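There are 8 protein chains.
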Amino acid sequence: MEQTDLIELLNEVKNGNISVDEAVLSIKKKPIEDLGFAKLDLHRGVRQGVTEVVYGAGKTPEQIKEITKALLANGQKTVLITRMSEEASKIMSDVSGFSYDPLSRVGIAGVIPKPTGKGKIIIATGGTSDMPVAEEAALTAMALGNEVVRLYDVGVAGIHRLLSHMEEIMSANVIIAIAGMEGALASVIGGIADCPVIAVPTSVGYGAAFEGLSALLSMLNSCASGVTVVNIDNGFGAAYTASMINHR
Amino acid sequence: MEQTDLIELLNEVKNGNISVDEAVLSIKKKPIEDLGFAKLDLHRGVRQGVTEVVYGAGKTPEQIKEITKALLANGQKTVLITRMSEEASKIMSDVSGFSYDPLSRVGIAGVIPKPTGKGKIIIATGGTSDMPVAEEAALTAMALGNEVVRLYDVGVAGIHRLLSHMEEIMSANVIIAIAGMEGALASVIGGIADCPVIAVPTSVGYGAAFEGLSALLSMLNSCASGVTVVNIDNGFGAAYTASMINHR
Amino acid sequence: MEQTDLIELLNEVKNGNISVDEAVLSIKKKPIEDLGFAKLDLHRGVRQGVTEVVYGAGKTPEQIKEITKALLANGQKTVLITRMSEEASKIMSDVSGFSYDPLSRVGIAGVIPKPTGKGKIIIATGGTSDMPVAEEAALTAMALGNEVVRLYDVGVAGIHRLLSHMEEIMSANVIIAIAGMEGALASVIGGIADCPVIAVPTSVGYGAAFEGLSALLSMLNSCASGVTVVNIDNGFGAAYTASMINHR
Amino acid sequence: MEQTDLIELLNEVKNGNISVDEAVLSIKKKPIEDLGFAKLDLHRGVRQGVTEVVYGAGKTPEQIKEITKALLANGQKTVLITRMSEEASKIMSDVSGFSYDPLSRVGIAGVIPKPTGKGKIIIATGGTSDMPVAEEAALTAMALGNEVVRLYDVGVAGIHRLLSHMEEIMSANVIIAIAGMEGALASVIGGIADCPVIAVPTSVGYGAAFEGLSALLSMLNSCASGVTVVNIDNGFGAAYTASMINHR
Amino acid sequence: MEQTDLIELLNEVKNGNISVDEAVLSIKKKPIEDLGFAKLDLHRGVRQGVTEVVYGAGKTPEQIKEITKALLANGQKTVLITRMSEEASKIMSDVSGFSYDPLSRVGIAGVIPKPTGKGKIIIATGGTSDMPVAEEAALTAMALGNEVVRLYDVGVAGIHRLLSHMEEIMSANVIIAIAGMEGALASVIGGIADCPVIAVPTSVGYGAAFEGLSALLSMLNSCASGVTVVNIDNGFGAAYTASMINHR
Amino acid sequence: MEQTDLIELLNEVKNGNISVDEAVLSIKKKPIEDLGFAKLDLHRGVRQGVTEVVYGAGKTPEQIKEITKALLANGQKTVLITRMSEEASKIMSDVSGFSYDPLSRVGIAGVIPKPTGKGKIIIATGGTSDMPVAEEAALTAMALGNEVVRLYDVGVAGIHRLLSHMEEIMSANVIIAIAGMEGALASVIGGIADCPVIAVPTSVGYGAAFEGLSALLSMLNSCASGVTVVNIDNGFGAAYTASMINHR
Amino acid sequence: MEQTDLIELLNEVKNGNISVDEAVLSIKKKPIEDLGFAKLDLHRGVRQGVTEVVYGAGKTPEQIKEITKALLANGQKTVLITRMSEEASKIMSDVSGFSYDPLSRVGIAGVIPKPTGKGKIIIATGGTSDMPVAEEAALTAMALGNEVVRLYDVGVAGIHRLLSHMEEIMSANVIIAIAGMEGALASVIGGIADCPVIAVPTSVGYGAAFEGLSALLSMLNSCASGVTVVNIDNGFGAAYTASMINHR
Amino acid sequence: MEQTDLIELLNEVKNGNISVDEAVLSIKKKPIEDLGFAKLDLHRGVRQGVTEVVYGAGKTPEQIKEITKALLANGQKTVLITRMSEEASKIMSDVSGFSYDPLSRVGIAGVIPKPTGKGKIIIATGGTSDMPVAEEAALTAMALGNEVVRLYDVGVAGIHRLLSHMEEIMSANVIIAIAGMEGALASVIGGIADCPVIAVPTSVGYGAAFEGLSALLSMLNSCASGVTVVNIDNGFGAAYTASMINHR
């Protein structure tokens, strides 16, 4: 039931064309889906004309291309595609402004927006092996209109590497701390920074890293306040929330 | 928005007392809770005037008593109280028709209804230690209007005990198979019976039983078709679903 | 010992051709398999002449073909083959009425029966990635004589998608709720519907989804009554039980 | 090395009282703790004169009382004490403005500040058993200067309870979603709201809830964007981060 | 159906008192439990007149006493009671030949039989904390008619303690190796002995012993051939199997 | 120090050629390896001239061939090779009496000995997918001199299949019960048979079978006495112990 | 066989009182325990007359007292008792030089030796709750003759607390890093120090700390070189190894 | 800020070219990274001109080659490359003194230093399958200047193999005990040796070995004192710590 349908129905009641009982029944029958829920979707997505996200995993190259083109045609300025196979990136040459990062498997079509957030999002990693996740986060944050500062390979086993970037850390509005293995980076940064820290455990490591479980538990148990956690390797999710906070 | 409120609103529209726009706004503002969702609740619960369930865990004896009395006063014929402490049962003497089973920690107030289901619900256990869970299931099923047949201590380590009840098993409309330790009962019954089998793992056992995990995994991996599983020790949940099936 | 054998034996006793002692020995020696257990098998399978199921995993294409042909020759109207490799499907061209669905890896030979169940089986999924499991369930349910309604991609992260199908949900006789990742779909549907809900966790997801463990635990802990659970990715098992309930 | 010490040292160098070499040595010897790190602590804590947090677990009643009094004497307007035993609360009668909530085991001394955040923090729970964790979050958020709205017992098994609070949800600046068992609340709210959602798994449940593991995994796998997770039962941590976001 | 009943039935057929059809029906109706399955029970238990086992856990002192007395009255020479509470042992003073071992919580009534096995059962433990499990095994083995040799506190961290008993180990017919923590005892003994070794992991240890999981996994992965494993702390089960082997 | 060396040494002492002190030193220096430990190896292996086992995993085809030939040349009558790749089997054509079973990946060279055990070893499986493990057990048992009876595909979901083999089960000296998924076979057989049952969990199954964990836990928790367990898929280990018992 | 026994035996051979054959037999019969293995024990323990360790768990107060007195009477200068109950400490008043630390539950009798190690052992903890484990380590190290420096409450969430102790860390010969929750302390210290770091995970924490599992995994995955790990809460074990290294 | 920069700055203050305030600001701005932390790195690495380690995993062959050449050019005498692919080793022919071990995937460039440690490092393995990990440890230890003794295939299932090397074990300064499956080697060696034992669990095994988890837990629970543990398959880490201890 579109809003116009409801207006029409109420007009019918007003005009006596249908009875009050009939109207009650009619409204009750489709109570939920028709009354404004589409609006929820608008709330949910980023404002029309800006960035739409396509989750590439499990979609064929052709499907990805088609959706991307349709979104752009529909007025989207930026289309972010995560978990996109290199194969899929190869057929996008005629998509406007398309670029692809094979490390993070992120594709972006259209234009990357100017930063509109209130501050900077710092993306820090424990090691260079965490870079695919970090770049997924970085490109997501940029596509959602944020200024990004990368602090890669600042793991706690060489604490001076991290501490030498104190100024950047202190100036951040949100920090994304990405680490595998022991995942201690989130706690150390959480103890230094005075902004929210979103921790991303990665599946980097071997043996008792158990595919990211070690880093995940470590981050959930951070004794630093202000640290929250997302799923293993979920760079996108961290950046999405970071952008939300940065646009509050 | 009660239905009467909606009628009133529509009458206001009909009478021209409020405009169509105002009515749209008013309806849209509380779209969900007020339009018929109460009906959902009625669908969900068992038919009005029959059985209502109170989850006793985490409620004080006084709260339980109060709720029970209110439900009875409101026309409920049967009130089922699960996970009820013995302490709580002690103050229920002035509640109409109250009885308490200390083994399963189930209390029932009012009258137990005559069976209205299509067939019998068989409740089988692997051992006598599974009886608290089994009785929770049995009393729940009875309170929800089902005929119950108990086959206790028919675990697979003495398969003849189970097989000697072949006739009951073949005559069941739904079977609840309750077992701890290796949880094999569900598979064996599932292979014999031609009706749905709801498996309840119990936390009975020690060591590698891991508080019911062994039985749970065992039941989920049953190679017999027609077996579904509920949470460890969840006798109530199994009986609730069994009753649903028995009243289809 | 076929029933005819028993009759013959008893006639021999009656006629004095063999002694009582010999008869006792003869009956005791093969007590179990021969007295009516074949009947159990008939109870267990769907009624003769209807649908037989072949589990394709671990069978060679030739074995599958041979079994299927034998079953059809034996009067089966429908043969359902689950977990069938695409390779196996390629050699079935001379099997009567054979069709193959590469997504769910289900093959069906013979004719799909007219629905004979009492109501509709709704098959709902959280996302499009759950479709292989969902289609295994859908095709199984259809092959077993049920009317199926598909509600795909109605995951709880966009609750309006699910709520807009309230009518279908309310009209179901059994619902199969299929979801990976957080597996919340089962609880939400379980809270809305007034029929049994069979939850199927899927191995869709990554990281802390732990190959379906997250969805499995989530579904087992559903706080909605009427929800039971089958093994991860077990679309067939859910549909088999759903069909049982729908034919009660 | 306080800043005044550094100034003094440099003045000594300027005046030629100590050599450059001696000054180099002196600065190098305590490079870290003395140069501005105290400032970090100020950044880290909430602004001087406002709220200080005492973690009560593992401290004696006397220690808690002493620390609290010292903080108040030192100019703190509010002192928040988490995980405080009832026993400890009993000896606090002479502490200015002390109140204690036995449910959440939170004590507050001094005055609760006026809300200074940008918006409202919604605290939603799946069930009433999650209330101890929720109240820890609520009282923490209030003590840190936030307006709090409580939506308790809106679990997804009765989705209309949640949906009837759509307006509150849409008006939130941050939401804390607290649930045990299947933990689906976070995903459903995450799908509706357009602000950050901090998910708190609770240890409520039994059997396959595995002391909160089920809810934890569920929340980490949320398919709604904008959801991050804290440790099981960590109401304080969620509120601390929520307050950070609300004061950005 | 007792064997005498079957004879009677067949006589009736022979005499023409009942028809063949009636006899078929009668035999088919209770096909399983009545035809010789009691015999299975006799096979299963230890030979009549010798030892019967009562699992004391979950039985009241009175029930245990009653069962024990009945068994003795019925001709059992030995009654073994495992997992018997000290409380239960206190009321057994009028039970013939009763003795109780508080360490292993094993009670024995009647007489301990002379060893009838072919050889000795060695019971070895890693440490003194494993003694309760070891004594459960030792007393079980003795009650079942075996000669038992105890080698306690011969854990592998002091390998010479074990090696100094080489002669006993080489002379065993079956060995029960009981250990907690790293559970290495089973492998070392398994590598030395040339008889079957039954490994019993115990819940002794702390931290990463995880209630016996560490020892359990260790023993399952033994690289010595001839080692099989029972449940954590299951001294009874190990001794029961050892006795079976010793009486082959 | 061979025994002959010791004799020689002692003769030297006797003859006064070396002093007592020198002899003490000499004996103490190599106390362990030289005094009879070689004998242990003879005890440990199956008697000289009979069967030697080669663990093929991680050895090159050439290494396997070389070892096998050396053993045969050394007088071994039978050489059993487990976990042998098909590739390795291809180069064995000039090895005396070599045969290879691709299903179980077992190779045997030389002659399979006549059964020398006291009774029969029954090898039972839950399904046909357990056959690779079962054949590893069967061929191992045969190579070690045992009579083997195979009862395949007698899983508990069709209990009559198992029960129809009651006579074989009752006549066994040892039973190896092999099953994946819920692993219930061990308990059911353990409850019927009166001989030791060695349970082998297999990695057959999917989802919550967790690579054999479900069957493993199930078997460890068997409520039937006389059941012991070996590692997942360890057909060899089960047969080795079974042969030990069968040769006691 | 004591060394004197061997000498005697060899003398008998020399003197012709016993034959070579008899001597061979006699030596072979007890080959292991008697030839020098006692020496191993001396190697193993700390040198005679110094420190002996009593593991108090599972011993009665009387047993502990008796052992302690015997050791002192036997010339031990120091007796260390770990996991000693307060109850046991109460009856030790007449034991020479006895002192008891209720926090770590360590008792020491006799005299604490002067440090004999090459350097200092630093004991660092993440929080004050780790102190019981830390004090067990500290007192153990002292009783074994080491100089101990305590750095408590230097957890990584306030990295400046740790860094302000850089000089102590740089001057250590061995460091014991003790932390619960995320256990990141070991990595940070491991990255700073240039000596071996022994990491002790503690069971401090709640929820996803899983009784120390989180810290354990974290420490095992440390990306700093030079870090090794002991069991959860095993302060004694860490100090024992640290002392070994410090006395190399 | 290099030390020279600080001197310059202080000279400027001395000369009055910059004010004290400006100097305070300048020093405070980069307090950490610039004041001596480079020195930490020197402490951390092995002394300049000796051995540098390159972690090959995740680096391209070209990157590895480039880094190695740069290090050698920079005066490193030895460059150790771990987890190096065979492919990478193929392009190193023009690197001075390069050799590659395909088993352990370790490459070494330059010269292997003469042993400078105080004693020998023994590297023991349970089986031949543990050799890749053992060789990583051995080559690391050698590249770091240690004398290495290999004791391979001395697993506890044939304890005499281990005991025959008693002398080597007793003469070690540090022992690295490497084992998969039940991981008992560490305990047995730990009980014999009087030097620190570093245990390395390996992922060797199958089924309930769970990729090294069994050995890991076993080693953490070692009841021998002096045993510490590193991550699964972390031969490098064990050798690095062993070398540290050996150079104390």
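Chains A, B, C, D, E, F, G and H supply the protein sequences, listed in that same order.
Taken in order, the first sequence gives residues 63 to 310; the numbers are from my numbering.
Taken in order, the second sequence gives residues 63 to 310; the numbers are from my numbering.
Taken in order, the third sequence gives residues 63 to 310; the numbers are from my numbering.
Taken in order, the fourth sequence gives residues 63 to 310; the numbers are from my numbering.
Taken in order, the fifth sequence gives residues 63 to 310; the numbers are from my numbering.
Taken in order, the sixth sequence gives residues 63 to 310; the numbers are from my numbering.
Taken in order, the seventh sequence gives residues 63 to 310; the numbers are from my numbering.
Taken in order, the eighth sequence gives residues 63 to 310; the numbers are from my numbering.
Every residue gets a Cβ at the ideal spot worked out from N, C-alpha and C, and that includes glycine.
Since this is a predicted model, take the numbers as computed values, not measurements.
- Message: Run through chain H and tell me which residues come within less than 8 Å of Val173(D), C-beta to C-beta.
- Response: Sequence index remark: in the fourth sequence, residue 173(D) carries index 111 (1-based). Under the 8 Å cutoff, chain H gives no residues; its nearest Cβ is about 35 Å from Val173(D).
On the criterion of 16 or more Cβ atoms from any shown chain inside 10 Å, does Gln125(E) qualify as buried, or is it exposed? The residue given as residue 125(E) occupies position 63 in the fifth sequence. By the neighbour-count rule (16 or more Cβ atoms within 10 Å), Gln125(E) is not buried but exposed.
TODO: Show which residues of chain E have a CB atom less than 7 Å away from the CB atom of Ile129(G).
DONE: Indexing the seventh sequence from 1 puts residue 129(G) at position 67. Going along chain E, no residue has its Cβ under 7 Å from Ile129(G), so there is no contact; the nearest lies around 12 Å.
Any C-beta of chain H under 8 Å from that of Ile294(F): Locating residue 294(F) in the sixth sequence gives position 232, where the first residue counts as 1. Yes, Ile294(F) lies at the interface with chain H (some Cβ there is under 8 Å from its Cβ).
Exercise for review: Would you verify that the beta carbon of Ala85(A) is, or is not, closer than 8 Å to some beta carbon of chain B?
Suggested key: On the first sequence, residue 85(A) is found 23 positions in, with the first residue counted as 1. Yes - at least one Cβ of chain B is within 8 Å of the one on Ala85(A).
Practice task
Give the residues of chain F in contact with Ser151(C), contact being defined as C-beta atoms less than 9 Å apart.
Solution key: Working through the third sequence from its first residue, we reach residue 151(C) at position 89. By Cβ distance, chain F contributes nothing, its closest Cβ being about 20 Å from Ser151(C), past 9 Å.
In the DSSP assignment, what are the bridge partners of Arg212(D)? Position 150 of the fourth sequence, counted from the first residue, corresponds to residue 212(D). According to DSSP, which records beta bridges pairwise, Arg212(D) is partnered with Ile185(D).
Contacts around Ile251(B), its chain only, beta-carbon distance under 7 Å, and the 5 residues preceding and following it disregarded: Along the second sequence, one-based indexing puts residue 251(B) at 189. Only Ala186, Ile231, Ile237, Ala239 and Val259 meet the Cβ criterion.
From the beta carbon of Glu244(H), is the nearest beta carbon of chain E less than 8 Å away? Walking along the eighth sequence from the start, residue 244(H) turns up at place 182. True, the Cβ-Cβ gap to chain E drops below 8 Å.
Nearest residue (CA-CA) to Pro263(D), options Leu279(D), Thr113(D), Pro164(D) and Ile254(D)
Taking the fourth sequence and counting its residues from 1, one reaches residue 263(D) at position 201. Of the candidates Leu279(D), Thr113(D), Pro164(D) and Ile254(D), the one whose C-alpha sits nearest the C-alpha of Pro263(D) is Leu279(D).
### Query
Just how far apart, CA to CA, sit Thr303(A) and Ile184(D)?
On the first sequence, position 241 is the one that residue 303(A) refers to. On the fourth sequence, position 122 is the one that residue 184(D) refers to. If I take the Cα positions, the gap works out to 17 Å.
Problem - Reduced DSSP secondary structure (H/G/I, E/B, other) of Thr264(E) - result: Position 202 of the fifth sequence, counted from the first residue, corresponds to residue 264(E). Of the three classes helix, strand and coil, the one that applies to Thr264(E) here is coil, per DSSP.
Practice prompt. Tell me whether the beta-carbon of Gly159(D) lies closer than 8 Å to the beta-carbon of Val168(D).
Written response: If you number the fourth sequence from 1, residue 159(D) lands on position 97. If you number the fourth sequence from 1, residue 168(D) lands on position 106. Contact flag unset, no.
field: Below-8 Å beta-carbon distance, Ile307(F) vs any chain E residue
entry: Here the question's residue 307(F) lines up with position 245 in the sixth sequence. Closer than 8 Å: yes.
Cβ distance (whole Å) where Ala300(E) is taken to contact Ala277(E) below 8 Å:
Walking along the fifth sequence from the start, residue 300(E) turns up at place 238. Walking along the fifth sequence from the start, residue 277(E) turns up at place 215. Not confirmed; about 13 Å, so no contact.
Leu192(C) classed as buried or exposed, judged by whether at least 16 other C-beta atoms fall within 10 angstroms: Indexing the third sequence from 1 puts residue 192(C) at position 130. One detail in the question is off: residue 192(C) reads as Asp in this sequence, not Leu. So Asp192(C) counts as buried.
Amino acids of chain B, ordered along the chain, whose beta-carbon sits closer than 7 Å to that of Ser24(D): As shown, chain D starts at 63 and ends at 310. That puts residue 24(D) outside it, with no answer to give.
- Task: List the endpoints of the continuous beta strand (DSSP E) containing Thr290(D).
- Result: Taking the first residue of the fourth sequence as 1, we reach residue 290(D) at position 228. Unbroken beta strand (DSSP E) run through Thr290(D): Val289 to Val291.
**Prompt:** If you drop the 5 nearest sequence neighbours on each side, which residues of the same chain put their C-beta closer than 7 Å to that of Lys127(C)?
**Reply:** Translated into the one-based positions of the third sequence, residue 127(C) becomes position 65. Excluding residues within five positions, the ones whose Cβ falls inside 7 Å are Ile153, Met154 and Val157.
### Query
Would you say Glu209(H) and Pro164(H) are within 8 Å of each other, going by their C-beta atoms?
As a working mapping, residue 209(H) is identified with position 147 in the eighth sequence. As a working mapping, residue 164(H) is identified with position 102 in the eighth sequence. Cβ atoms of Glu209(H) and Pro164(H): not closer than 8 Å.
task: Measure the alpha-carbon distance for Tyr162(C) versus Thr290(C) and round it to whole angstroms.
output: Taking the third sequence and counting its residues from 1, one reaches residue 162(C) at position 100. Taking the third sequence and counting its residues from 1, one reaches residue 290(C) at position 228. Their Cα atoms are separated by approximately 29 Å.
To the nearest angstrom, how far is it from the Cα of Glu198(C) to the Cα of Ser265(D)? Counting from 1 along the third sequence, the entry for residue 198(C) is found at position 136. Counting from 1 along the fourth sequence, the entry for residue 265(D) is found at position 203. Distance between the alpha carbons of Glu198(C) and Ser265(D): 35 Å.
Take the Cβ of Val292(C) as the centre, count every other Cβ of all protein chains shown within 10 Å, and call the residue buried at 16 or more, exposed below.
Numbered from its first residue, the third sequence carries residue 292(C) at position 230. By the neighbour-count rule (16 or more Cβ atoms within 10 Å), Val292(C) is buried.
Q) From the beta carbon of Cys285(H), is the nearest beta carbon of chain E less than 8 Å away? A) Start at 1 with the first residue of the eighth sequence, and residue 285(H) comes out as number 223. Chain E, which has a Cβ nearer than 8 Å to the Cβ of Cys285(H), makes this yes.
Residues in its own chain within less than 8 Å of Met228(B) by CB, not counting five upstream and five downstream? Taking the second sequence and counting its residues from 1, one reaches residue 228(B) at position 166. Correct list, in chain order: Ile254.
Item to check | 8 Å Cβ cutoff, Gly274(A) in contact with chain C | outcome: By 1-based counting over the first sequence, the position of residue 274(A) is 212. Yes, because at least one Cβ of chain C sits closer than 8 Å to the Cβ of Gly274(A).
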